[in-house]
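Counting in this note's numbering, the final residue of the sequence shown is number 596, and the numbers go up one at a time with none missing.
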Amino acid sequence: MALITIKRRTTKTSGTIKLRFRLRDGRDLELYHKSDIEAELSALSKFDDYGKKKPRVTGYDPDLESSIKLEMERMAKAYETMQEKGMDMTSEIFEQEIAKVTFEVKQIRSEQESLITRFRRYTEEALRDRIIGKARYDHFVTFGNKLNRYLIIKGLSEISPAEVDPEFLMDFRNFIFDEYKYVPKHKELYHDMKRANKPTARLSLNTVATQMKTLQTFFAQLDDNDEIPKSPFRKLGKERRQNVFKTMFDDPIFLRADEFQIVMTHKVAEKLEPARDAFLLQCALGCRISDFSSLTMDSVGVSDEGIPFIHYLPQKTKGTQDTNTEIQTPLVRFAFDIVKRTKFDFPCLKYAYGTNGYNAQIRAILTTCKIDRKVAVFNEETKKNEYVTVSSQGSSKLCRKTHVDMMNKVQINKYAAGLHREGSGAVDRYTNMELKDRFILMNAAFNQEPYRVDEDLNIIEK
């Protein structure tokens, strides 16, 4: 079996050299290759002769590692061709075959759009054809920018979709996990990025899996259109494929009913009052932050029974659903009072993240209210559960989870009548929960009294 190594020919410890490589196959065959890779000797010293990072080495050059790996792959492919054709095993012919491999890559690139250009076109077409809505489009654009940064950093800006292989996918996945490590060395790529959006820590397993699924969907379409021979995701082995899309979820974190009542009644600093109003109202509505921040008084309606409610089309799926059925959520009394008083004017929603954003203010409110129940959160670095307070996990997502949990605990099991087996779809066809039914359940969940309003949102006395 051929063995490819870096050939070191200098005793210097500083300066720049062009790398040479050696291919050995058995005792008698040695082929040499002069590459165009320039490397600082100090950077090269952190790699062994096989192009692998030495154990316990820090601050190594990932770009150099990528270049060495690519050059070795071209050498291996050229040698394989020489063997198949029974060619003379000389370094001169070896160099010629390596040049052909390099030329083949350039030919592929000249005949196809670059990966990043094709992905961006795919994104625009998906929005145009209503395959994705505006919210997902924004996520695709953000992901495309991340992909572009990776390609620039790795020197692969011109790579075509057909050249992407499983090793590329795994390396890109590692980049998604740890992009924050590249920020100090490539400041120019992050110069115009908002501070809140700059990578500052390792991403979670679930976030990485979601982003890799975005790339998989892109390549699946190219595969279906015969733009590439085969999606690189289909070339991944079973174990690697499972790892790429592996997700892990903690136990759901939410406020219990008694904790929610504490937040409603506990005294908080005046500067936190607007954020508390927003938090309580979002819990009562259970909508995503993107939908919540877009609500206005035009989003308020009144049913024939005098029940006020919020109605909206979900931002996440708007424009891609089969129907344009709105979400309608009754306003329990405390939520109605907040709407009347604030008119949905919550300045804190303009900045969800950051040290003084909406999420940070939610955590401050929960801390003030002493919501210190311990919950388990998995630490991906230590691979152990850490027990932290609910208040430390406060965010807009906690609102949606709290709403769902509180509503779930007051609903009657729809299979309790015994007419249909558990999971039967017929149950949903036989009935429909109307607005007034949900209003009753929500009042029970949030411990509120029923009330009625007129068309001008004035409360009607009993």
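In this text, a Cβ means the ideal position worked out from N, Cα and C, and glycines have one as well.
Straight through space, the alpha carbons of GLU164 and TYR314 are spaced by roughly 41 Å. Secondary structure of LYS152 (DSSP, three-state): strand. The distance from the Cβ of GLY185 to that of GLU207 is about 10 Å, inconsistent with a contact at the 8 Å cut-off. For GLY278, the closest alpha carbon among the candidates ILE444, SER248, GLY420 is that of SER248. The way I'd put it, the region 462–469 does touch the region 571–586; three or more beta-carbon pairs between them come closer than 8 Å.
Here MET221 has ILE227 as same chain residues with Cβ atoms under 6 Å from its own Cβ, once five neighbours each way along the sequence are excluded.
SER169 and PHE155 do touch by the CB rule: their CB atoms are close to 6 Å apart, below 8 Å.
Secondary structure at ALA486: coil, using DSSP grouped into helix, strand and coil. Under the three-state reduction of DSSP output, ALA510 falls in the strand class. Secondary structure at PRO386: coil, using DSSP grouped into helix, strand and coil.
Taking 9 Å as the cut-off, the Cβ atoms of ASP385 and ALA510 count as close. Listed in chain order, the alpha helix (DSSP H) elements of length 4 or more contained wholly in the region 561–593 are 569–579.
Rounded to the nearest whole angstrom, the C-alpha separation of GLU520 and VAL342 is 21 Å. The three-state secondary structure of HIS167, taken from DSSP, is strand. Judged by their CB atoms, ILE461 and CYS417 are not nearer to each other than the 9 Å cut-off.
VAL434 has its alpha-carbon roughly 14 Å from the corresponding atom of ARG475. In this structure, ILE499 lies away from SER529, with their beta-carbon atoms at least 9 Å apart. Beta-bridge partners assigned by DSSP to TYR446: ILE461. A contact between stretches requires three or more CB pairs, one per stretch, nearer than 8 Å, and the region 295–309 fails this requirement with the region 318–326. Secondary structure of THR523 (DSSP, three-state): strand. The three-state reading of DSSP puts ILE140 in strand, counting E and B together. Here PRO366 is buried: its Cβ has 16 or more other Cβ atoms, across all protein chains shown, within 10 Å.
Inter-residue distance for ASN513 and SER526 is about 14 Å (C-alpha atoms, whole angstroms). Secondary structure remark: continuous alpha helix (DSSP H) runs of at least 4 residues inside the region 185–261, in chain order: 196–219, 225–245. Taking C-beta atoms as the reference points, ALA269 and SER427 fail to come closer than 9 Å. When the beta-carbon positions are compared, LEU591 and PRO442 come within less than 9 Å of each other. For GLY435, the enclosing beta strand (DSSP E) has its first and last residue at 434–436. By DSSP's assignment, GLU172 forms a beta bridge with LYS152. Counting every other CB atom within 10 Å of its CB across the protein chains shown gives HIS537 a total of 16 or more, marking it as buried. Closest in C-alpha terms to LEU175, from the list ASP195, PRO189, TYR166, ASP162, comes ASP195. ILE594 has its alpha-carbon roughly 5 Å from the corresponding atom of VAL587. The distance from the Cβ of MET431 to that of LYS477 is about 6 Å, consistent with a contact at the 8 Å cut-off.
Ranking TYR446, MET540, VAL235 by CA distance to the CA of GLU393 puts MET540 first.
By the beta-carbon neighbour count (other beta carbons within 10 angstroms, threshold 16), ARG283 is buried. Nearest to TYR316 by alpha-carbon distance, out of TYR492, LEU285, GLU229, ASP411, is LEU285.
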